[in-house]
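Numbering of the sequence shown is given in UniProt numbering, commencing with residue 1 and proceeding in unit increments.
Working notes for the structure below.
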Amino acid sequence: MRILLLYPYYPETFWGFQYALKFISKKASSPPLGLLTVAAMLPRDWELRLIDLNVQRLKAEDLEWADYVFISGMAIQRDSARQVIARCKQIKKPVVAGGPLFTTEYDNFPEVDHFVLGEAEEIMDQLVEDLEKRNLKPFYRASRFPDLTRSPIPRWDLVDQRKYAVMCVQYSRGCPFNCEFCDITVLNGPRPRTKTREQMIAELDALYRWGWRDSVFIVDDNFIGNKRKLKQEVLPAIAEWMRAHRYPFTFSTQLSIDLADDEELMELMVRAGFQTVFVGIETPHEESLYECSKYQNIHRDLLESVKKIQSHGLETQGGFILGFDHDPPTIFDRLIEFIQESRIVAAMVGLLNAPRGSRLYQRLVKENRLIKSTSGDNTDFTLNFIPKMNWKVLLDGYKRVLSTIYSPAQYYDRLKDFLANFSPPRLRPPYLRFHHIKAFLRSIWHLGILGEERFHYWRLFLWSLFKKPFSFPSMLSFAIQGYHFRRIFSKYIRNLTSPFA
């Protein structure tokens, strides 16, 4: 059996880092973990090819070679997925589609032959059996959320690691919180399901044997959804493995703000090699937090919570949203002030959108305010519903927030403030690779000579080099990220028409 696994193109976005990746000669941030995991569930004697359209072209001979095409993706990859499916249908190649996009929108893809809806672990045995018989059903859906102890080690051998900046692993699925705008509990459930300590160590071993020696993103919906198991079993095992292997990786992940309430957990994460955490802060306006059921963020000093996490040596990235029904006209200035004071360098500020399946989507349907499907990119100035705030006021305010926090002056001031107050532990000696040298030289050219930020770049360059030399690599990395963020938002603003387009 010949299976072609296809991953659609991911357009230029805030988290795509396309402009930053050029500095280190990488094609994409990370490989398609979902498809690599599915590949590991297929029989070993089957022939598999993986084509990631973010790093390579899909050739006609690849499609001709395959018996079946497996495609997965997210909402933001919808347009590319349609194009790939159309190519398959032209040559009558059967398509099996799964992943978040197709699980929530399968009725929008009538041209797809077979769907795998939801998580694959408990579906694959039946799917493989039907594939061998050449007698596939139109739909495959698990009756329950699967036990992650059945999830195999991804097939890393199917990708070229030289084309990616980060590798991914997954420890858990599901989130104990049920924010109105989020579809995670629909896709993965409200109860965090986890892999075992042994599974996590086996996956790290596999990456290590494969030759990876760089960043690893743990892609969980909420990494700390089951704190007890993390503290008692998983993090101590990862910390011991990392120490024994001389810290070959650095970890990043996504989690909730209540991390700040657990000193032991923060200390364990740092000891295990975690450097960066993304936290959904959403808004400093408490009425809007109540509106979206972000209860874990209510009745706390959000600013102090962020600074507490940072004080333990964890760089904190933040997600923010504008467009809640209860947002006051002052929200734009309050958000700018919060981001600057919190020292969150990578602040993703987006417009509220309602993913299909979320409670927000259902509410807006009842209120007759929903307009279309979300683009999957809440930073591209589009809305998929009619907001309570006048949309021109909302759009102008959103534009002002982005233009302010990512202006060279504000961005570099925030970055310097962060570096001056940030002292992560040095668990391993500094290491230098060729792509680091390329990034350094390209930053001098693009940021220090050609860039509008050149004055701020050189001022921070010299301050970091002489005042806090251990922060110099981080300074360069953040400077390059800032270049990417400005390029992305300037492109959106330049092409701006209507938020409902």
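Every residue gets a Cβ at the ideal spot worked out from N, C-alpha and C, and that includes glycine.
Spatially closest choice to residue i from the options, by CA coordinates
i       : options                            : result
Ile-201 : Gly-189, Cys-182, Glu-240          : Glu-240
Pro-387 : Gln-296, Gln-275, Gln-254, Pro-328 : Pro-328
Ser-423 : Leu-462, Val-270, Ser-311          : Ser-311
Leu-235 : Gly-211, Ala-272, His-245, Pro-8   : Ala-272
Asp-160 : Arg-369, Gln-56, Asp-107, Leu-352  : Gln-56
Gln-90  : Lys-22, Val-96, Glu-64             : Glu-64
Gly-350 : Thr-283, Arg-243, Leu-476          : Thr-283
Pro-408 : Asp-377, Trp-391, Asp-396, Val-345 : Val-345
Glu-287 : Asp-396, His-326, Gly-313          : His-326
Gly-397 : Leu-322, Arg-442, Gly-451          : Leu-322
Helix, strand or coil at residue i according to DSSP, with G and I counted as helix
i           : result
Gln-317     : strand
His-456     : helix
Met-242     : helix
Thr-194     : strand
Met-124     : helix
Ile-224     : coil
Arg-49      : strand
Cys-168     : strand
Tyr-411     : helix
Phe-461     : helix
Tyr-406     : coil
Ala-354     : coil
Ile-3       : strand
Tyr-140     : strand
Leu-394     : helix
residue 504 : The chain is shown only over 1 to 501; residue 504 falls outside these bounds and no answer can be derived.
Arg-400     : helix
Whether residue i touches residue j by CB criterion (8 Å)
i           : j       : result
Gly-98      : Ser-80  : no
Lys-163     : Ala-28  : yes
Lys-227     : Asp-205 : no
residue 510 : Trp-156 : The requested residue 510 does not occur in the structure, where the chain is confined to residues 1 to 501.
Val-166     : Leu-42  : no
Ala-66      : Ile-123 : no
residue 503 : Leu-402 : As displayed, the chain neither begins before 1 nor continues past 501, which places residue 503 out of reach and without an answer.
Leu-148     : Thr-194 : yes
Glu-180     : Arg-359 : yes
Gln-77      : Pro-146 : no
Phe-324     : Glu-291 : yes
Ser-305     : Ile-257 : yes
Leu-131     : Leu-36  : no
Ile-70      : Val-38  : The residue you asked about is not Ile; residue 70 is Phe in the sequence shown. Yes, the pair counts as a contact, with Cβ atoms nearer than the cut-off.
Arg-246     : Arg-428 : yes
Lys-416     : Trp-463 : yes
Gly-225     : Cys-175 : yes
Lys-438     : Phe-102 : no
Asp-214     : Gln-254 : no
Arg-400     : Phe-332 : yes
Contacting residues, own chain, Cβ-Cβ under 8 Å from residue i (five flanking each side not counted)
i       : result
Lys-468 : Leu-419, Ala-420
Gly-448 : Arg-454, Tyr-457, Trp-458, Phe-461
Asp-62  : Leu-4, Arg-49, Ile-51
Glu-119 : Ala-142, Phe-145, Pro-146, Arg-173, Asn-188
Glu-105 : Ala-75, Arg-78, Arg-356, Ser-373
Leu-268 : Leu-230, Lys-231, Leu-235, Pro-236, Ala-239
Pro-138 : Asp-113, His-114, Phe-115
Spatial neighbours of residue i in its chain, beta-carbon cut-off 6 Å, leaving aside the 5 residues before and after
i       : result
Met-348 : Phe-14, Gly-319
Cys-168 : Ser-30, Leu-33, Phe-217, Val-219
Gly-280 : Gly-319
Thr-276 : Ser-252, Glu-315
Pro-94  : Tyr-68, Asp-113
Arg-150 : Glu-121
Gln-410 : Thr-404
Tyr-140 : Val-116, Ile-123, Leu-127
Leu-370 : Leu-364, Phe-385
Asn-495 : none
Asn-297 : Ile-257, Leu-289
Limits of the beta strand (DSSP E) - the one that residue i falls within
i           : result
Phe-70      : 68-72
Pro-474     : For clarity, residue 474 is Ser in the given sequence; the question names Pro instead. Looking at the DSSP string, Ser-474 is not in any beta strand (DSSP E); the run it does join, the alpha helix (DSSP H), is 472-494.
Thr-276     : 274-282
Thr-250     : 250-255
Val-345     : Segment: none, Val-345 is in no beta strand (DSSP E) and carries neither H nor E.
residue 517 : It is not possible to answer for residue 517, since the shown part of the chain is limited to 1 through 501.
Ile-218     : 215-218
Val-116     : 114-117
Spatial neighbours of residue i in its chain, beta-carbon cut-off 7 Å, leaving aside the 5 residues before and after
i       : result
Ile-309 : Leu-259, Ala-260, Met-266, Val-277, Thr-316
Delimiting residues of the alpha helix (DSSP H) encompassing residue i
i       : result
Phe-102 : 100-105
Phe-109 : Run containing Phe-109: none; DSSP gives neither H nor E here.
Gln-77  : Where Gln-77 is concerned, there is no enclosing alpha helix (DSSP H), given that its DSSP letter is neither H nor E.
Thr-37  : 33-40
Lys-366 : 359-366
Met-269 : 263-271
Residue i Cβ short of 7 Å to the ligand NAP heavy atom set
i       : result
Ser-477 : For the ligand NAP, the structure offers nothing, since it holds no ligand at all.
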